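Structure first, then comments.
Residue numbers (this note's numbering): 1 to 435.
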């Protein structure tokens, strides 16, 4: 029997087993099975993410930033770990092919972080924020060994930090997304920071990103959070921010993460927000945002944008956290800012952060996914994972059987699609392919 025949036979057996188990103990009639093809040609990803098998640490990890920490021209990883009493943050050095080894050092605890050259010496330093401690700056000696500057920036309760030149003096300043009002810190040029005294927003901002949103040449801010609508803040060029007055998302939607990028190809920065409802917001080039799309199936904890399938536009890798215990998802962009679920089955364990970059040197974007948990009694963390982006030549869909029977198997199989219905409890795409 050919490989195609083996795959097809296995697929049929799996489908039969799923239907049998799903309906055991039910008194409902047998669901109707249809095998008609869709009206549109299905989209099959030309790539896949393959688990490298590496497990990096066993801490409760919340965020990751990628960059060349030891000067050997590949991407290493700085991982923010917490909570106090557990394993501290960690530096993982890449050997060039995507294999990581920990650089042993005591780095304290973190919730969010970003890498950047903070002291102007040419290597990447790190700004870390935490639920339990004030913000901290750690300077790199060039080998991936970090030392604490001793600064205590603001108060405990920081969720994320974003770096950029906010006042036009060519060094990296910081915006801290905080459980209280967000704060803006200006760099003195040597890695020491001064509080501007600004308090942006009200409370529980979980993510903030910097970018030129209104096209005037300076960095503005897009912030999102819990229980408070997302906001756009315009910079006057000196690091002073003014609320644009826009309401992004709803106060009933809990947003954990976001990313900025030009998803519709018009040259400005749009926004992908991740939370209890994932959404795409398009920029009109002047900093006014309009919702493009709601994306169901998996409540996002974090999102990273990058060209994952090599077609020249920005796709989205969504980390699905403890909200829904669902798989992480890759959403593919059609170039206009409209996203479709790729159907890829990725990590399932409390994903909280993603770093995208070419980890193995083959020219495409791989993923380092970190995992965290909420709850004081949940114990230790889940090891972090490295996923390699690999081309999948010759894949084609042969057929797909679709079933919708909410009171029986709770299974839906559609052509590479993700759907949301009131009664649907479980969903999974089933593909039978030939290699």
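Note that CB positions come from ideal geometry on N, CA and C, so glycine has one too.
Just so you know, these numbers come straight off a predicted model, no measurement behind them.
Listed in chain order, the beta strand (DSSP E) runs fully inside the segment 119 to 206 are 125 to 129, 136 to 140, 146 to 148, 158 to 164, 173 to 178, 183 to 187 and 193 to 195, counting runs of at least 3 residues.
Residue environment for residue 133: buried (at least 16 other C-beta atoms within 10 angstroms of its C-beta). The segment 232 to 279 contains no complete alpha helix (DSSP H) run of 4 or more residues. Between the alpha carbons of residue 334 and residue 260 lies a gap of roughly 17 Å. In this structure, the CA atom of residue 173 is about 19 Å from the CA atom of residue 66. The count of Cβ pairs closer than 8 Å, one atom from the segment 74 to 83 and one from the segment 44 to 53, stays below three, leaving the stretches out of contact.
In this structure, DSSP gives residue 343 a state outside helix and strand, which the three-state scheme calls coil. Going by beta carbons, residue 320 and residue 298 fall inside the 8 Å limit. With fewer than 16 other beta carbons inside 10 angstroms of its own, residue 147 counts as exposed.
Per DSSP, reduced to three states, the secondary structure at residue 291 is strand. If you draw a 10 Å sphere on the C-beta of residue 104, you find fewer than 16 other C-beta atoms in it, and that means exposed. Segment contact: the segment 237 to 251 against the segment 287 to 304, three or more CB-CB distances shorter than 8 Å; contact assigned. Our two residues, residue 371 and residue 61, have alpha carbons roughly 5 Å apart in a direct line.
Residue pairing from DSSP places residue 223 in a beta bridge opposite 208 and 231.
A distance below 7 Å between beta-carbons, with the five flanking residues on each side excluded, links residue 389 to the following residues of its chain, in chain order: 47, 49, 308, 364, 365 and 366. Residues 163 and 172 of the same chain have their beta carbon placed closer than 6 Å to that of residue 116, with the five preceding and five following residues left out of the count. In the DSSP annotation of this structure, residue 362 is not part of any beta strand (DSSP E), being labelled neither H nor E. Per DSSP, the unbroken beta strand (DSSP E) holding residue 114 starts and ends at 112 to 116. Distance from the CA atom of residue 304 to the CA atom of residue 197, rounded to whole angstroms, is 30 Å. With contacts defined by Cβ atoms closer than 8 Å, residue 52 and residue 387 form a contacting pair. Taking C-alpha positions only, residue 178 is separated from residue 345 by approximately 33 Å. Per DSSP, the beta-bridge partners of residue 371 are 351.
Residue pairing by DSSP puts residue 331 in a beta bridge opposite 316 and 341.
Residue 180 and residue 355 have their C-alpha atoms some 26 Å from each other. Within its own chain, the residues whose Cβ lies closer than 7 Å to the Cβ of residue 265, once the five positions on either side in sequence are excluded, are 313 and 335, listed in chain order.
Cβ-Cβ separation between residue 131 and residue 157: approximately 6 Å, consistent with a contact (criterion under 8 Å). Sequence-distant Cβ neighbours of residue 149 in its own chain, meaning closer than 8 Å and more than five residues away, are 136, 137, 138, 139, 191 and 192.
The residue among 358, 217, 316 and 207 with its C-alpha nearest the C-alpha of residue 238 is 217. By the CB criterion at 8 Å, residue 353 and residue 68 fall outside the cutoff. Taking residue 230 as the centre and dropping the five residues before and after it, the same chain places the C-beta of 224, 248 and 249 closer than 6 Å to its C-beta, in chain order. Around the CB of residue 209, 16 or more other CB atoms lie within 10 Å, so the residue is classed as buried. In the three-state reduction of the DSSP assignment, residue 286 falls in the coil class, being assigned neither a helical nor a strand state. Residue 143 counts as exposed, since fewer than 16 other C-beta atoms from the protein chains shown sit within 10 angstroms of its C-beta. Judged by beta-carbon spacing, residue 256 lies within the 8 Å limit of residue 301, meaning their Cβ atoms are closer than that value. A distance below 8 Å between beta-carbons, with the five flanking residues on each side excluded, links residue 95 to the following residues of its chain, in chain order: 74 and 101.
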